[in-house]
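FYI, in this note's numbering the residues of the sequence shown are -5 to 468.
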Amino acid sequence: MEIETMKIYNTLTRKKEEFVPLEEGKVKMYVCGPTVYNLIHIGNARPMIVFDTFRRYMEYKGYEVNYVSNFTDVDDKIIRKANEEGVDPSVISERYIAECKKDMAAMNIKPATTHPKATEEIDGMLDMIETLIEKGNAYVAGDGTVYFRTRSFSDYGKLSHKNLDDLQGGMRSLLVSGEEQKEDPLDFVLWKPKKEGEPYWESPWCEGRPGWHIECSVMSKRYLGEQIDIHAGGEDLIFPHHENEIAQSEACNGKEFAHYWMHNGFLNIDNKKMSKSEGNFFTVREVGEQYDLQVLRFFMLSAHYRSPLNFSKELMEAAKNGLDRICTCAQNLKYLSEQNKQKELTEEEKENLKKSQVYVRKFEDSMDDDCNTADALSAIFELVKFANSTVSESVSTAYAKGLLDTLQTLTDVCGLIILKEEELLDEDIEAKIAERQAARKAKDFAKADAIRKELADQGIILEDTREGVKWRRA
Ligand code: AMP
Ligand code: ZN
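Have a look at this one:
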């Protein structure tokens, strides 16, 4: 089946382009993940949420998406924290990978197809650096540091639209490390010698560790191949991180690295840049203490992913109200779809279900237009309004269910959970168990099994013991 095309704003060309995957029906996507030395903050959550939503939308359209997002688990900040706590850096990185995964689950972010960790990919990095040296794109300095020879890659600057000579002058401050042994101030580190108290790996050049940029080039190549469809991350990564990734990958592989580059705008707090020192800084965990993290997700999707977004109490309250409106409609539809009255659709309801598809198309058109989640949410609100104005106590169960299915399909694409499974109370569980025992006594094993399954579906595990039936929550 042909998949309808969508448009993506490509940072590389600064244009909205029609998306054409390398392989029909398949998408290879890489999203730069967090450095794991602390709990993730709400700024880190923005690329996670928006690109997870984009992935869900591509899957909804029928693409098979191979989605890779790394954890940077070797870095100065991780090492500093490990030294402060007197533990191995892997203790710090493993702790915060586990915490990050908890936050991701709470924000309903799907796990990536692969979540590689830099420290497990060192061999691939050594191979790529070796190739770059052989090809003349990298060189080894006196202390064993390996640098990328930036001017050897003629396309350098094509993503950030910077000119090498401007960089040499104006941007020099960004690029000064190791000045005395570099051939050119623009050259950047691929491999660096260990310092006292730092983790290190053997290499042909020195015992040391990789630079940050080489990680992503290598992990992307290993899990997605030399060429990928989409590479994404926050806009702060355009330069130098993504520019350097392009230089490394394209110089090594001799072909275009990623076809589309997507970058999310920054999340600010009270219209100021998030900064730890100024105290305007929130972790996802802190926000989760005040709000259901579905509200944070809704808030992030209420703006276009490329626009800057301001986090404030007022906007979070507005997001909470918006999400509540959708959830209330969903609960009402669920209630009506479970009523045992008129089951079949009336002619008018058939017509109305057809009409409701207008909002689905609006949603799709918005998402096809460079993942415009703000307009996609407006289409959901219009559907909610339509549902509220066409349902009453007397509608058929099929109509209520039809609208609910449509609403849930759209909110699922956004990763928003609008119907929470209600937790069973202890007494309800015990009543079900008594019902099951009675069925068994009456030798109605089909019914007894059905009750066991019904409980299992809600996370209640039964164990038949000599002392009777015991239960626990899974
Ligand atoms: P880091 O751990 O700093 O490498 O960041 C991980 C991801 O979060 C990258 O894609 C960053 O661009 C993104 N990011 C960090 N801070 C913010 C912010 N305030 N707003 C939006 N994205 C951010
Ligand atoms: Zn990266």
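Glycine included, C-beta positions come from ideal geometry on N, C-alpha and C. As the structure is a computational prediction, the values presented were derived from the model and not from experiment.
Simplified DSSP assignment, three categories, for residue i
i, result
"Tyr254", "strand"
"Gly453", "coil"
"Arg466", "strand"
"Met0", "coil"
"Ser63", "strand"
"Arg166", "Low per-residue confidence applies at Arg166: pLDDT is 49, beneath 50, and the placement is therefore not dependable enough to give any value."
"Ser296", "coil"
"Asn131", "coil"
"Thr139", "coil"
"Asn265", "coil"
"Asp69", "coil"
"Pro28", "coil"
"Ala241", "helix"
"His225", "strand"
"Phe276", "coil"
"Thr459", "strand"
"Thr405", "helix"
"Glu448", "helix"
"Asp363", "strand"
"Asn304", "strand"
"Val14", "coil"
"Phe182", "strand"
"Ser146", "helix"
"Asp101", "For the record, residue 101 in the displayed sequence is Met; it is not Asp. Of the three classes helix, strand and coil, the one that applies to Met101 here is coil, per DSSP."
"Lys176", "coil"
"Tyr393", "helix"
"Leu126", "helix"
"Ile412", "coil"
"Gln351", "helix"
"Tyr285", "coil"
"Asn346", "helix"
"Thr322", "helix"
"Asn157", "coil"
"Thr47", "helix"
"Glu421", "helix"
"Ala370", "helix"
"Asp399", "helix"
"Phe375", "helix"
"Val81", "coil"
"Leu339", "coil"
"Glu387", "coil"
"Phe380", "helix"
Residue i Cβ short of 7 Å to the ligand AMP heavy atom set
i, result
"Leu261", "yes"
"Met268", "yes"
"Asp230", "yes"
"Thr277", "no"
"Asn38", "yes"
"Pro204", "no"
"Gly138", "no"
"Gly227", "yes"
"Asn258", "yes"
"Thr29", "yes"
"Pro41", "yes"
Identified DSSP bridge partners for residue i
i, result
"Val212", "Val212 pairs with nothing; no bridge assigned."
"Tyr217", "For Tyr217, which the question treats as bridged, DSSP gives no partner whatsoever."
"Trp195", "Gly202"
"Val21", "Val59"
"Lys111", "Phe65"
"Lys9", "Asn4"
"Pro187", "Gly202"
"His35", "Thr277"
Residue i: CB within 7 Å of a non-hydrogen atom of the ligand ADP
i, result
"Glu114", "In terms of ligand content, the structure shown lacks the ligand ADP and carries the ligand AMP and the ligand ZN instead."
- Query: Are three or more beta carbon pairs between the region 216 to 227 and the region 25 to 34 nearer than 8 Å?
  - Reply: yes
- Heavy atoms of the ligand ZN versus C-beta positions, residues under 5 Å: Cys26 and Cys210
- Between the region 438 to 458 and the region 411 to 429, are three or more C-beta pairs nearer than 8 Å? yes
- Query: Counting Cβ pairs closer than 8 Å, one from the region 33 to 51 and one from the region 238 to 245, do we hit at least three?
  - Reply: no
- Message: Under 8 Å, with one C-beta from each stretch per pair, do the region 387 to 405 and the region 94 to 102 reach the 3-pair mark?
- Response: no
- Query: Within the chosen definition, does the region 170 to 179 reach the region 194 to 204 through at least 3 CB pairs nearer than 8 Å?
  - Reply: no
- Query: How about the region 348 to 357 and the region 379 to 394: do they share at least three Cβ pairs that are nearer than 8 Å?
  - Reply: yes
- Can we say the region 62 to 77 touches the region 112 to 131, given the rule of at least three CB pairs closer than 8 Å? yes
- Query: Are the region 28 to 41 and the region 384 to 396 touching by the rule of at least three beta carbon pairs closer than 8 Å?
  - Reply: no
- Message: I want to know whether the region 249 to 264 touches the region 51 to 59 - three or more CB-CB distances under 8 Å.
- Response: no
- Message: With three or more beta-carbon pairs closer than 8 Å as the criterion, would you say the region 290 to 304 touches the region 421 to 430?
- Response: no
- Do three or more CB pairs link the region 3 to 17 to the region 254 to 269 at distances below 8 Å? yes
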